[in-house]
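Remarks on the structure that follows.
Residue numbers (the numbering used here): 2 to 367.
Here you go:
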C-alpha cells in the first residue's frame, strides 16, 4: 500500500508540473461542447460568404532559359561561378551587365509595367478588344464589401466642393497619375518573375481573373522581356551597324558620282588627244578607283557588323509555353473555411477557459 502511494506520487507531480492539468482542460471544453455549435455555425456561414464573394483567379506560368555568354569566356573558373549565379572578374559573364538575376528588377520597373498598358486583350467569353489598361481599370471584379466601401467614399467625395480634375489619357512614366500608380501596384501583384540561382531558368507567373487574358499577358510579358534583353545585348553592335551603314551609303554615293563624272568626261572628249585631257582622264579614273576601294572596304565592314549583331542576339529556349489555365488558382475556399472555423474554435475555447480560470495557467501567466 505504501509502495503504491510512492509510485503514484511522481505521476501526480508530473501531471501538476507547471500548474496545468491538460486532462481537466479537455474535460472542461467537452462539457461546453454545445457552446461551439452556434459559433462554429456562424463561422461557417461567414466563411462561405467571404469565400464565394472573392472573384476567381487563374494563373499562367511560362518558363524559359536564356543563353548566357559563357562561350566568350576566357576561364573555366568564371564559367563555374556563373553556374552558381556569381561573377568573377571579367570571366564568363564579364560582358554580361544585365545578369539574369536582375530580370525581376527589370520587370518591376515602371517603364516595363507601363509598356504593358497598350496590349490589346479580350475576355474568354467575349470578342470585344480593349487595352490591358482599360481592362484593369474597368473590367475587374471586386468583393461586395469593397464595392460598398468604394461607393460610400465616392458618394462622400461627390458632396464636397472639389475642383474638377482634367482627365489624363497619356501615360508618362516620369509622372504617373494616382490611378496609373494604383494600376501599376496591382500589376506588380499579378505579374511575378523569378530566376533560379543555379539553373538561371526564368519563371514568369501571371495571375488574372480571366484565364484567356492570363495566358495572353504571360506570353506578352515573355516577348517584351526577350525584346528588352535582345535590344540591350545588341545595342552597341546595332549602333556600330548604323554608323557603318551611313558611311557605306555615302561611299556608294561618292563612287556613283565619280563613275558618272568619269563617264561624262570620256564621252565628251573621245576625239581629243591633248595631253591635258589624258591627264584629267587618268586623274578621274584614279579618283573613281579610290572611291570604289573605299566603298568595297566599307561593304565588307558592313557585312561584319551585320554578323556581329546576329552573334550578339541572345537565344531563348522556351521550357514551358503559355497555355490557357483550366482550373482556378484561387481563392482557396477550403483554406478560408478551415481558417474561420479554427479561429472561431480558438476564440470560444479561450473565452471558456478564461471564465473557468484556466486560461492564465495555460498561457504560463499564473
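Ideal Cβ placement from N, Cα and C applies to all residues, glycine included.
query                                                                                                                                                                     : result
To the nearest angstrom, how far is it from the Cα of residue 34 to the Cα of residue 44?                                                                                 : 16 Å
Classify residue 115 as helix, strand or coil using the three-state DSSP reduction.                                                                                       : helix
If residue 174 sits next to residue 115, beta carbons under 8 Å apart, how far is it from one beta carbon to the other, in whole angstroms?                               : 5 Å
Please report the straight-line C-alpha distance between residue 381 and residue 246, rounded to a whole angstrom.                                                        : The question about residue 381 has no answer, for the chain in this structure spans 2 to 367.
Between the Cα of residue 279 and the Cα atoms of 64, 263, 319, which residue gives the shortest distance?                                                                : 263
Going by the DSSP bridge assignment, what does residue 67 pair with across the sheet?                                                                                     : 317
Which residue or residues does DSSP assign as beta-bridge partners of residue 131?                                                                                        : 122
Nearest CA to the CA of residue 124: which residue from 103, 216, 177?                                                                                                    : 216
Taking DSSP as the reference, what is the three-state secondary structure of residue 271?                                                                                 : coil
In the DSSP assignment, the alpha helix (DSSP H) including residue 227 goes from what residue to what residue?                                                            : 212 to 234
Who are the near neighbours of residue 185 in its chain, counting only those whose CB is closer than 8 Å to its CB and skipping five residues on each side?               : 111, 114, 115, 177
Going straight from the alpha carbon of residue 132 to that of residue 139, what length do you get?                                                                       : 11 Å
Report back the beta-carbon spacing between residue 210 and residue 57 to the nearest angstrom; my notes put them in contact at under 8 Å.                                : 7 Å
Which same chain residues end up closer than 6 Å to residue 136 when comparing Cβ atoms and leaving out the 5 residues on each side of it in sequence?                    : 122
Does residue 75 come out as helix, strand or coil in the three-state DSSP assignment?                                                                                     : In this prediction, residue 75 has a pLDDT of 41, which is less than 50 and means its spatial position is unreliable; what the coordinates show is noted afterwards. Residue 75: coil per DSSP, three-state reduction.
In whole angstroms, what is the alpha-carbon distance linking residue 317 and residue 330?                                                                                : 28 Å
Smallest Cα separation from residue 222: which of 341, 53, 268, 104?                                                                                                      : 104
Find out if the Cβ-Cβ distance for the pair residue 255, residue 219 is shorter than 9 Å.                                                                                 : no
Taking a contact to mean a Cβ-Cβ separation below 9 Å, would you say residue 299 touches residue 227 in this structure?                                                   : no
Go ahead and label residue 194 buried or exposed: buried means 16 or more other beta carbons lie within 10 angstroms of its beta carbon, across all protein chains shown. : buried
When DSSP builds the beta bridges, which residues end up paired with residue 58?                                                                                          : 331
Report the residue from 286, 297, 274 whose alpha carbon sits nearest the alpha carbon of residue 265.                                                                    : 286
On the premise that residue 235 lies in contact with residue 307, defined as a C-beta separation below 8 Å, what is that separation, rounded to the nearest angstrom?     : Contact doesn't hold; Cβ gap of about 11 Å is too wide.
Under three-state DSSP, which class holds residue 195?                                                                                                                    : strand
Kindly indicate which three-state DSSP category residue 208 falls into: helix, strand or coil?                                                                            : strand
Rounded to whole angstroms, what is the Cα-Cα separation between residue 250 and residue 283?                                                                             : 25 Å
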